[in-house]
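Chemist:
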Amino acid sequence: MLEKTNRVNYLLDFYQALLTPKQRNYMELYYLEDYSLGEISELFHVSRQAVYDNIKRTEAMLETYEEKLHLYEKFEQRLSIITEIESSITDENTLNLIKQLKELD
Numbered sequence: 001m002l003e004k005t006n007r008v009n010y011l012l013d014f015y016q017a018l019l020t021p022k023q024r025n026y027m028e029l030y031y032l033e034d035y036s037l038g039e040i041s042e043l044f045h046v047s048r049q050a051v052y053d054n055i056k057r058t059e060a061m062l063e064t065y066e067e068k069l070h071l072y073e074k075f076e077q078r079l080s081i082i083t084e085i086e087s088s089i090t091d092e093n094t095l096n097l098i099k100q101l102k103e104l105d
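Numbering (full-length UniProt numbering), first residue to last: 1 to 105.
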């Protein structure tokens, strides 16, 4: 479950601009703020089922965006390569540059 939550959080980071404000709100509350479906439904005066359906549809949309754009996949690949480079370098200046690269993502 934690792996799924992390994946959805990354997908939100990459694709949140493609979501409607309502979708963004529900996803942020559920995945980032750890609100329950009931708490979100009370906050927006809708049924629990409406919140659940919206979140599931939005998750599917995020996965569709990822299938087409591969931003998260490329991010993971970059991070893996940077980590590998980092482990093989001893020069402090180069390590600092790599740290700066990591912070950009």
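For each residue, glycine too, the CB sits at the ideal point set by N, CA and C. Predicted, not measured: the structure shown is a model, and the values here were computed from it.
If I'm right that residue 65 touches residue 26 with Cβ under 8 Å, what's the distance once you round it to whole angstroms?
Modeler: Locating residue 65 in the sequence shown gives position 65, where the first residue counts as 1. Locating residue 26 in the sequence shown gives position 26, where the first residue counts as 1. In fact, because the Cβ distance is near 17 Å, the residues do not count as touching under 8 Å.
Chemist: Rank 88, 90, 89, 81 by C-alpha distance to the C-alpha of residue 102 and give the top, closest one.
Modeler: Numbered from its first residue, the sequence shown carries residue 102 at position 102. Residue 81 is the option with its Cα nearest to residue 102.
Chemist: Can you tell which of 6, 10, 5 has its C-alpha closest to the C-alpha of residue 105?
Modeler: Taking the sequence shown and counting its residues from 1, one reaches residue 105 at position 105. When only C-alpha atoms are compared, the closest one is 10.
Chemist: List the whole-angstrom C-beta distance separating residue 48 from residue 38, where the pair is believed to meet the contact cut-off of C-beta under 8 Å.
Modeler: Here residue 48 is taken as the residue at index 48 of the sequence shown, counted from 1. Here residue 38 is taken as the residue at index 38 of the sequence shown, counted from 1. Their Cβ separation, rounded to whole angstroms, is 6 Å, which keeps residue 48 and residue 38 in contact under 8 Å.
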